[in-house]
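Visitor:
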Amino acid sequence: MPVEMSEEEFEDAVADGLDALPEELTRMMSNVVVLVEDEPPEGEEEILGLYEGIPLTERDSGWDAGALPDRILVFRGPTLRACETREEVVEEVAVTVVHEVGHHFGISDERLHELGWA
-10 MPVEMSEEEF EDAVADGLDA LPEELTRMMS NVVVLVEDEP PEGEEEILGL YEGIPLTERD
50 SGWDAGALPD RILVFRGPTL RACETREEVV EEVAVTVVHE VGHHFGISDE RLHELGWA
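Using the numbering used here, the first residue of the sequence shown is number -10, and each one after it goes up by one.
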């Protein structure tokens, strides 16, 4: 049975995950927005988060000419279904935020797994 958590409470957990990032790291983030969505794209039902964009390590000098912001998506439905307690949700959201921010900085899934952010 999924954990019960309102949209606002879940969004607060995402904000707390972002607030827990080191300030020097958040200052380096560029042109990225973090959003909460209820469900992931079709065929990706089990993912808890997704980074869509061009990692900082792959941007060139012409990148910013009219570029839309990168997006970090955190998915409420699968996160609530994967956890058994509210505390577990908050912890999982924090890990998901770090994982997707890592992609913004060009860190691969493999390296994030090695570092324990999976």
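For each residue, glycine too, the CB sits at the ideal point set by N, CA and C.
Specify the secondary structure class of residue -8 as computed by DSSP and reduced to three states.
Guide: Here residue -8 sits in coil by DSSP.
Visitor: Counting pairs of beta carbons, one from the segment 59 to 77 and one from the segment 40 to 50, are three or more of them closer than 8 Å?
Guide: Because the criterion of three Cβ pairs below 8 Å is met, the segment 59 to 77 and the segment 40 to 50 touch.
Visitor: For the beta strand (DSSP E) containing residue 62, list its first residue and its last residue.
Guide: Run containing residue 62: 59 to 64, per the beta strand (DSSP E) assignment.
Visitor: Using three-state DSSP, classify residue 38 as helix, strand or coil.
Guide: In the structure shown, residue 38 sits in a strand (DSSP, three-state: E or B).
Visitor: Which residues does DSSP pair with residue 26 in a beta bridge?
Guide: Residue 26 pairs with 64.
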